[in-house]
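J.: After the structure tokens below, expect a handful of questions from me.
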Amino acid sequence: MNLQLIILDTKSMLLSKRAIYSIIFLAIFALAFAAMVEFSPEGLRTALESAAPEGSAGVFEYIWFEDVLKLLLLMVVSFGAFMISDLEDDGTLDINLARPESRANFLVRRTISAVLSFIIVFIAGSLVAGIIAWAIMGDLDLLLFIAHQLMIVPMLLFVLALTFFFSVPLRNITYTVLAGFASSLFLSFTYSFGLMANPGSEPSIFNPLALGYRVMAGQPLAEALVVVLAATVVLFLVGAAWFVKKDV
Amino acid sequence: MDSKVNFPVIVWKRTMNLIFSIRGLIALLMSIYMVIAGAYLIDVLMESSTVYGELITLFNNRPDMQFQWFFFDGALMKLVTIFTAPLFIFDAVSGDKKGERIGILLSRPITRTQYMLINLVSATLAFGILFFGTLIPGYFAIQPQVPELTAGAYLATCSLMFLLGFFVLCVALLISTISKSNLISFIIAFGMFSFLMLPNAVKYNSDAFMSLSKITPHYYASYFTTHDITAGYFVGYAVIIVLFALPFLALAIMKFRNEDL
Numbered sequence: 001m002n003l004q005l006i007i008l009d010t011k012s013m014l015l016s017k018r019a020i021y022s023i024i025f026l027a028i029f030a031l032a033f034a035a036m037v038e039f040s041p042e043g044l045r046t047a048l049e050s051a052a053p054e055g056s057a058g059v060f061e062y063i064w065f066e067d068v069l070k071l072l073l074l075m076v077v078s079f080g081a082f083m084i085s086d087l088e089d090d091g092t093l094d095i096n097l098a099r100p101e102s103r104a105n106f107l108v109r110r111t112i113s114a115v116l117s118f119i120i121v122f123i124a125g126s127l128v129a130g131i132i133a134w135a136i137m138g139d140l141d142l143l144l145f146i147a148h149q150l151m152i153v154p155m156l157l158f159v160l161a162l163t164f165f166f167s168v169p170l171r172n173i174t175y176t177v178l179a180g181f182a183s184s185l186f187l188s189f190t191y192s193f194g195l196m197a198n199p200g201s202e203p204s205i206f207n208p209l210a211l212g213y214r215v216m217a218g219q220p221l222a223e224a225l226v227v228v229l230a231a232t233v234v235l236f237l238v239g240a241a242w243f244v245k246k247d248v
Numbered sequence: 249m250d251s252k253v254n255f256p257v258i259v260w261k262r263t264m265n266l267i268f269s270i271r272g273l274i275a276l277l278m279s280i281y282m283v284i285a286g287a288y289l290i291d292v293l294m295e296s297s298t299v300y301g302e303l304i305t306l307f308n309n310r311p312d313m314q315f316q317w318f319f320f321d322g323a324l325m326k327l328v329t330i331f332t333a334p335l336f337i338f339d340a341v342s343g344d345k346k347g348e349r350i351g352i353l354l355s356r357p358i359t360r361t362q363y364m365l366i367n368l369v370s371a372t373l374a375f376g377i378l379f380f381g382t383l384i385p386g387y388f389a390i391q392p393q394v395p396e397l398t399a400g401a402y403l404a405t406c407s408l409m410f411l412l413g414f415f416v417l418c419v420a421l422l423i424s425t426i427s428k429s430n431l432i433s434f435i436i437a438f439g440m441f442s443f444l445m446l447p448n449a450v451k452y453n454s455d456a457f458m459s460l461s462k463i464t465p466h467y468y469a470s471y472f473t474t475h476d477i478t479a480g481y482f483v484g485y486a487v488i489i490v491l492f493a494l495p496f497l498a499l500a501i502m503k504f505r506n507e508d509l
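Protein sequence lines, in the order shown, are assigned to chains A and B. Residue 1 is where the first sequence starts when you use the working numbering, and the numbers rise one by one after that. Residue 249 is where the second sequence starts when you use the working numbering, and the numbers rise one by one after that.
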């Protein structure tokens with residue numbers, strides 16, 4: 001494994017436009033939604049407070065996990081597209097694969113870079129978003145919010161794996177991003193609608209995108225976490241096995 | 249128009265290519281999913297004790313308009329509009345630039361303005377076919393459960409939402425013209441439209457937000473979800489939404505015409 005290449009890939013991702021836009025979007029959405037909640041009319045604020053689960057870090061976190069994260073899934077998907085589709089888009093995939101390096105090694109290297117850079121950007125963005133919301137709202141439990149953000153990383157890695165899986169047959173970056181984003185949105189809306197129909201219920205452990213709600217609501221995590229991690233590993237492995245055999 | 253360019257045929261072929269593609273399928277599935285969600289969750293979501301119930305009361309407490317507001321302005325169809333419309337155009341110019349096809353395309357007897365218009369018109373047609381193709385059958389699925397919903401009010405709001413989609417297409421075309429990457433173009437387009445929804449979503453929070461919402465086309469597109477329809481206002485607001493879109497289209501064409509490819 002070439003550590004230098006991993007560092008170079010990670011660095012190029014961290015300095016890329018998608019990383020910068022991701023942090024900017026997290027900050028803008030935090031600013032806009034915190035202001036929206038803070039200046040809500042009394043009736044709406046009361047309804048939001050009663051809808052926010054007891055274990056959550058406050059009303060802002062409820063809005064953040066239920067609405068904003070759905071839009072920010074696009075950010076995760078863009079990191080998932082880094083592994084193969086980016087090179088395909090540049091027309092350099094075949095050149096990269098011509099190096100004296102097995103495809104398995106190549107994939108492991110790209111996966112480590114994508115995951116590492118995503119986690120760094122996500123933590124930085126979450127900190128910025130949390131601080132902005134805390135400064136505006138005051139009643140946000142900042143430490144709990146950050147802790148919850150970290151706890152949903154496995155769910156976001158699932159989205160990353162799903163995008164990678166789609167990138168193997170689709171290759172084209174446009175279609176990979178569309179398929180990854182749309183399927184994550186479908187999963188996310190499905191559990192949200194289910195919760196709206198049965199308020200207070202537990203979402204299915206078989207919907208990986210429901211992990212965020214479980215974290216926020218303080219619901220049992222162990223089984224859901226096992227499902228998410230298993231699904232993530234299976235998607236990575238199946239995608240990798242497919243890619244290794246595929247004629248590029 | 250150059251007589252050598254068969255504009256309608258090119259537009260129609262491109263429209264069909266857009267519809268029968270992965271992006272067309274995703275847009276169709278997303279629209280159908282939201283219509284089904286709207287039809288089957290309406291009773292649950294409109295209960296007064298929920299956040300949605302409170303929002304409906306806050307935004308509009310007239311029973312004959314609650315479904316209109318919830319379905320079109322509350323999130324569902326607006327999300328479909330801002331998500332599906334850019335799908336058809338975000339890579340229109342950036343994709344051709346990236347694939348280096350643009351030189352070949354422009355070596356044909358076609359002007360740069362025609363090229364941009366073909367992209368816009370075919371994307372608008374593709375979006376329109378999917379949008380109305382889902383929402384018109386959706387009316388027949390929803391109406392039995394919401395008897396107070398009338399075809400006129402529903403279709404009028406559909407039409408204004410379609411024009412909001414046209415606005416989204418014009419802005420996304422400009423972003424695609426400026427951007428060199430499909431991915432960045434998509435991220436910026438989607439992020440921007442998500443953010444643009446906000447002033448309208450918070451317009452009842454304060455007078456300042458209400459004034460701010462009036463400088464976004466979303467306010468005019470969703471106006472009849474909270475007000476009775478009158479023909480004059482309908483035409484006026486349709487014109488206003490198109491006027492919001494045209495400067496972006498003009499900028500996109502100007503930028504593309506002056507670009508050294």
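Backbone N, C-alpha and C fix where the C-beta goes; we use that ideal spot for every residue, glycine too.
Mapping the DSSP letters down to three states, classify residue 462 (chain B) as helix, strand or coil.
T.: It is coil, neither helix nor strand.
J.: Using 8 Å as the limit for Cβ to Cβ distance, is residue 266 (chain B) near chain A?
T.: Not an interface residue.
J.: Spatial neighbours of residue 396 (chain B) within its chain, please: C-beta separation below 7 Å, excluding the five flanking residues on both sides.
T.: Cβ within range, chain order: 311 and 312.
J.: Assuming contact is defined by CB atoms lying nearer than 8 Å, are residue 173 (chain A) and residue 335 (chain B) in contact in what I supplied?
T.: In this structure, residue 335 (chain B) does not lie closer than 8 Å to residue 173 (chain A) by Cβ.
J.: Can you confirm whether the region 450-468 of chain B touches the region 362-381 of chain B when touching is taken to mean that 3 or more C-beta pairs between the two stretches lie within less than 8 Å?
T.: Short answer: they don't touch.
J.: Which class does residue 148 (chain A) belong to by DSSP, given the choice of helix, strand or coil?
T.: In this structure, residue 148 (chain A) counts as helix in the three-state DSSP scheme.
J.: Please compile the residues from chain A whose C-beta is within a distance smaller than 8 Å of the C-beta of residue 262 (chain B).
T.: Those within 8 Å of residue 262 (chain B) in chain A number zero; the least Cβ separation is about 16 Å.
J.: Would you say residue 177 (chain A) and residue 239 (chain A) are within 8 Å of each other, going by their C-beta atoms?
T.: Contact: no.
J.: Three or more beta-carbon pairs under 8 Å between the region 63-81 of chain A and the region 152-172 of chain A, yes or no?
T.: Touching, per the Cβ criterion.
J.: Can you tell me which of the three DSSP states residue 199 (chain B) falls into?
T.: Look at the range of chain B in this structure, 249 to 509, and you will see that residue 199 (chain B) is not part of it.
J.: So, at 8 Å on beta carbons, what are the nonlocal neighbours of residue 217 (chain A) in its own chain, with the 5 sequence-adjacent residues on each side left out?
T.: These residues qualify, in order along the chain: 53, 54, 55 and 56.
J.: Look up residue 253 (chain B) in the DSSP assignment and say whether it is helix, strand or coil.
T.: DSSP places residue 253 (chain B) in coil when its eight states are reduced to three.
J.: At the 8 Å Cβ level, is residue 232 (chain A) part of the contact set with chain B, yes or no?
T.: With 8 Å as the cut-off, residue 232 (chain A) does not count as an interface residue toward chain B.
J.: I need the straight-line Cα distance from residue 42 (chain A) to residue 464 (chain B), nearest angstrom please.
T.: Approximately 25 Å between the Cα atoms of the pair.
J.: Report yes if the CB atom of residue 286 (chain B) is closer than 8 Å to the CB atom of residue 374 (chain B), and no otherwise.
T.: No, the pair does not count as a contact, with Cβ atoms beyond the cut-off.
J.: Could you give the uninterrupted runs of the alpha helix (DSSP H) lying entirely in the region 42-117 of chain A, keeping only those of 4 residues or more?
T.: Entirely contained in the region 42-117 of chain A, the alpha helix (DSSP H) runs reaching 4 residues are, in chain order, 42-51, 59-63, 69-80, 85-90 and 93-97.
J.: For chain E, check one thing: does any of its Cβ atoms lie closer than 8 Å to the Cβ of residue 115 (chain A)?
T.: This model lacks chain E altogether, as its protein chains are A and B.
J.: Using C-beta distances below 8 Å, list every residue in its chain close to residue 45 (chain A), excluding the 5 sequence neighbours before and after it, in chain order.
T.: Once the five neighbours on either side are set aside, the close Cβ partners of residue 45 (chain A) are 37 and 59.
J.: How is residue 445 (chain B) classed by DSSP in three states: helix, strand or coil?
T.: The answer is coil: DSSP assigns residue 445 (chain B) none of H, G, I, E or B.
J.: Taking the CB atoms as reference points, tell me whether residue 316 (chain B) and residue 425 (chain B) lie closer together than 8 Å.
T.: No, these two residues do not count as a Cβ contact at 8 Å.
J.: Would you be able to state if there are at least three C-beta pairs under 8 Å between the region 254-271 of chain B and the region 114-133 of chain A?
T.: The answer is no - the region 254-271 of chain B does not touch the region 114-133 of chain A, with fewer than three Cβ pairs under 8 Å.
J.: For residue 510 (chain B), which option in B:284, B:495, B:318 and B:489 has the closest C-alpha, if you only look at C-alpha atoms?
T.: In the structure displayed, chain B extends from 249 to 509; residue 510 (chain B) sits before or after that span and is not available.
J.: Any contact of the region 389-404 of chain B with the region 337-347 of chain B, i.e. 3+ C-beta pairs under 8 Å?
T.: Verdict: no, contact absent.
J.: Is residue 507 (chain B) helix, strand or coil by DSSP?
T.: Reduced to three states, the DSSP call for residue 507 (chain B) is coil.
J.: Would you list, in chain order, the members of the region 423-457 of chain B that have their beta-carbon closer than 8 Å to a beta-carbon of chain A?
T.: Residues 429, 430, 431, 432, 434, 435, 436, 438, 439, 442, 443, 446, 449, 450, 452, 453, 454 and 457.
J.: Residue 78 (chain A) touches chain B at which residues, Cβ-Cβ below 8 Å?
T.: Residues of chain B passing the Cβ test: 431 and 435.
J.: Please confirm if the region 92-99 of chain A is in contact with the region 188-198 of chain A, defined as three or more CB-CB distances below 8 Å between the two stretches.
T.: No, the region 92-99 of chain A does not touch the region 188-198 of chain A.
J.: Can you tell me where the alpha helix (DSSP H) holding residue 200 (chain A) begins and where it ends?
T.: No alpha helix (DSSP H) holds residue 200 (chain A); DSSP gives it neither H nor E.
J.: In the DSSP assignment, the alpha helix (DSSP H) including residue 314 (chain B) goes from what residue to what residue?
T.: Run containing residue 314 (chain B): 311-316, per the alpha helix (DSSP H) assignment.
J.: Is any beta-carbon of chain A found at less than 8 Å from that of residue 339 (chain B)?
T.: Answer yes: the Cβ-Cβ gap between residue 339 (chain B) and chain A drops below 8 Å somewhere.
J.: Any beta-carbon of chain B closer than 8 Å to the one on residue 177 (chain A)?
T.: Yes, residue 177 (chain A) counts as interfacial toward chain B.
J.: Anyone know if the C-beta pair for residue 154 (chain A) and residue 232 (chain A) falls short of 8 Å?
T.: Yes. Within cutoff.
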